[in-house]
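My numbering applies: residue 2 is where the sequence shown begins, and numbers increase by one.
Notes follow the structure.
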Amino acid sequence: MTKSRANILVVDDTPANLQLLESIIQERGYTVRAAINGRLAIKAARLQVPDLVMLDINMPEMNGFEVCRELKGDPRLAGIPVIFVSAAVETADKLRAFEEGGVDYVTKPFQPLEVLARVETHLELARMRAELERQNGVLAQTLRDLTRAQAHLVQSEKMAALGLLTAGVAHELNNPLNFISASVQGLQKTVAPVDELMALCQDLSGTAPDEALRRIRHWSSQNHPGELRQDMNELVSNACYGANRAAEIVASLRIFSRLDEADRKSVNLHECLDAALLLLHNRYKDHIRIERDYGDLPLWLCQPGRLNQVFMNLLGNAVDAIDAKSAPAGDDEIRISTRMQERDGRCCAVVEIADTGTGLSDEVRPHLFEPFFTTKEVGKGVGLGLAISHGIIRDHQGSIEVESRAGQGTLFRVVLPQFEA
Ligand SMILES: Nc1ncnc2c1ncn2[C@@H]1O[C@H](COP(=O)(O)OP(=O)(O)OP(=O)(O)O)[C@@H](O)[C@H]1O
Ligand SMILES: [Mg+2]
2 MTKSRANILV VDDTPANLQL LESIIQERGY TVRAAINGRL AIKAARLQVP
52 DLVMLDINMP EMNGFEVCRE LKGDPRLAGI PVIFVSAAVE TADKLRAFEE
102 GGVDYVTKPF QPLEVLARVE THLELARMRA ELERQNGVLA QTLRDLTRAQ
152 AHLVQSEKMA ALGLLTAGVA HELNNPLNFI SASVQGLQKT VAPVDELMAL
202 CQDLSGTAPD EALRRIRHWS SQNHPGELRQ DMNELVSNAC YGANRAAEIV
252 ASLRIFSRLD EADRKSVNLH ECLDAALLLL HNRYKDHIRI ERDYGDLPLW
302 LCQPGRLNQV FMNLLGNAVD AIDAKSAPAG DDEIRISTRM QERDGRCCAV
352 VEIADTGTGL SDEVRPHLFE PFFTTKEVGK GVGLGLAISH GIIRDHQGSI
402 EVESRAGQGT LFRVVLPQFE A
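See the structure below:
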């Protein structure tokens, strides 16, 4: 609402007053509309909403207070500032003017400068209020956007966990399943001669045992039974190894995939760390040594599914940081240590994951926990791991600390205070 375009409705039953007010206000460049009684004023306001109304109190038929009440009752018009105009100087009248929703009061005879000052002040106040409302609207929208973004992040957290999980499980299960299927195929080949031998053995107790014995000797000269037995034993033990390994992975998966357990539960944190390690096995087994330095931790009350995600991400990051080194030293390791520690009078479980990877540069360090910050190539990292981990540890009233020097590896320390039961 610019000054020249501000639209002012003047209401007075005395034509001379109306003209005088009109001319004072018009001179300042406002657009003025005049109404000679209350009914016409309300009609005019509804037809085109004014920016301000100057309203005489003493009018026949419908007085200024009644007009004001009607304006305030209409949601479209309720916000228009109303300045009452009257010859009366009674304090009671002035009070009533404010009670009825007026913003100000001018008395006749008019002082042009005073009228203009009041009009300008209230137009400015109305403009500022409109601006505040607009900004409030923007803030409310921002809040809605933020809430939506947070919901999105929670969803991303679940998806990121699911993605890690599926990738880990697919890799890990593939290996033992290959073992089992290769062994079973080998065993299949040994089944035919063994079956033949079994049939010959059956004949031994029949009518011609000598003949059966002769054929068994012949079978033996053809089939190298020593090698066959060795093969069979090896194949069976390979298949057993594969089956046990697959069972281990499924068991770890059970520990790991407590994703839906938002509830707290007392768990063995070492079991959680081992489960995460097992799911990552494929990514480090050839070139990284894992050193476990587990202290004496009691069962820990936490949200295990979410904590597993934190461990999985920290360990995954450690593997990535080692793989990102331009010149691998050949003796790379990830050291996981746990211990109890008292911090600020609270009993805490401390889990440290230290790697011999690239370390953190001064450019990376300040952004570590920002959502979508990643230095990894597209498809390798989305940059949510640490942001999510940070949120999870914060929900556990704990903290994540980082120590690193570029080129010297990184240490992430998760501090988990004991929940008060
Ligand atoms: N142990 C570490 N050593 C060196 N740099 C690290 C280490 N951990 C994290 N970073 C750096 O912090 C960045 C952010 O890590 P974060 O786990 O949040 O995302 P990401 O691993 O890139 O992707 P995502 O975890 O979503 O797959 C990484 O891209 C990496 O640059
Ligand atoms: Mg990560």
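The beta carbon of each residue, even a glycine, is placed where N, CA and C say it ideally should be.
Could you pull out every residue in the same chain whose Cβ sits closer than 8 Å to the Cβ of residue i, ignoring the five residues on either side in sequence?
i	result
Asp264	Gln304
Asp261	The predicted model places Asp261 with a pLDDT of 49, which falls under 50 and marks its position as unreliable, so this point remains unresolved.
Does the beta carbon of residue i fall short of 6 Å from some heavy atom of ligand 1?
i	result
Val383	yes
Val365	yes
Gly408	no
Asp356	yes
Leu361	yes
Leu369	yes
Ala322	yes
Lys326	no
Thr167	no
Lys190	no
Thr143	no
Lys286	no
Lys266	no
Does the distance from the C-beta atom of residue i to that of residue j stay below 7 Å?
i	j	result
Ser405	Gly346	no
Asp52	Ala7	yes
Gly317	Gly358	no
Gly39	Met60	yes
Thr339	Val320	no
Pro372	Gly399	no
Ile354	Phe413	yes
Leu302	Phe420	yes
Val68	Val86	no
Ile337	Arg284	no
Leu274	Ala350	no
Asn250	Leu174	Note that residue 250 corresponds to Ile in the displayed sequence, not to Asn. Yes.
According to DSSP, simplified to helix, strand and coil, what is residue i?
i	result
Ser222	helix
Thr3	Low confidence applies here, because Thr3 scores a pLDDT of 48, under 50, leaving its location unreliable; read the following figure in that light. Three-state result, Thr3: coil.
Glu100	helix
Ile85	Just to set this straight, residue 85 is Phe in the shown sequence, not Ile. Note: Phe85 maps to strand in three-state DSSP.
Leu412	strand
Asp356	strand
Met60	coil
Tyr285	helix
Glu28	helix
Pro76	coil
Taking 6 Å as the limit between beta carbons, can you name the residues of its chain near residue i, skipping five residues before and five after?
i	result
Pro177	Gly243, Arg246 and Ala247
Arg290	Glu334
Lys266	Pro305
Ser390	Val311 and Asn314
Glu343	none
Cys348	Gln419
Glu197	none
Leu78	Ala46 and Leu72
Glu402	Arg414
For residue i, which residues of its own chain have a beta-carbon under 7 Å away from its beta-carbon, when the five flanking residues on both sides are left out?
i	result
Arg29	Leu117
Asp105	Ile84, Arg119 and His123
Val33	Ile9, Val11, Glu23, Ile26 and Gln27
Practice item. Specify which residues have a beta carbon nearer than 5 Å to any heavy atom of ligand 2, listing them in chain order. Key: The set, ordered by position in the chain, is Asn314, Asn318 and Gly386.
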